[in-house]
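Engineer: Take a look at this one; I'll ask things after.
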Amino acid sequence: MNKPYFLICLCFISFSYAQESGTNGDIDGFKLYPNPVTDGKVYINTAANAPKDILIFDVMGTQVLQTTILGSDLNLSDLDAGIYVLRVFEKDKVATRKLIIK
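Under mature numbering (1 follows the signal peptide of the UniProt record, and there is no 0), the residues of the sequence shown are numbered -18 to -1, 1 to 84, in order.
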């Protein structure tokens, strides 16, 4: 029962990601690095460098982190290794990316 549910969620996230990344709402100059994350810290740079609201979801669609950053560094040391979906809101724009934590 869990495997079909997992696959359905993964497909849904993949389709959502594919649709979101090419829209006009994507954040200008968005850069996420390093990905995969190995040291518990990721950097998010944008052209506007404005405050960013961050949401992170696991592959089941459960929100595991919600925060706001003023600079570019985001501490992810509390998250377990795995695949996540990162959603960044800056002003009226949104960027969605796959995030891998090793």
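All C-beta atoms, glycine included, are put in the ideal place defined by N, C-alpha and C.
Since this is a predicted model, take the numbers as computed values, not measurements.
What do you reckon, are the CB atoms on residue 75 and residue 9 nearer than 7 angstroms?
Structural biologist: Residue 75 places its beta carbon less than 7 angstroms from that of residue 9.
Engineer: Do residue 38 and residue 68 have their CB atoms nearer than 7 angstroms?
Structural biologist: yes
Engineer: Going by other Cβ atoms of all chains shown within 10 Å of its Cβ, with 16 needed for buried, is residue 63 buried or exposed?
Structural biologist: exposed
Engineer: For my contact list, residue 25 and residue 59 are in at a C-beta cut-off of 8 angstroms; report their separation, rounded to the angstrom.
Structural biologist: No, residue 25 and residue 59 are not in contact; Cβ-Cβ is about 14 angstroms, not under 8 angstroms.
Engineer: Using the Cα positions of residue 23 and residue 82, report the straight-line distance between them to the nearest angstrom.
Structural biologist: Cα to Cα, the separation comes out at about 12 angstroms.
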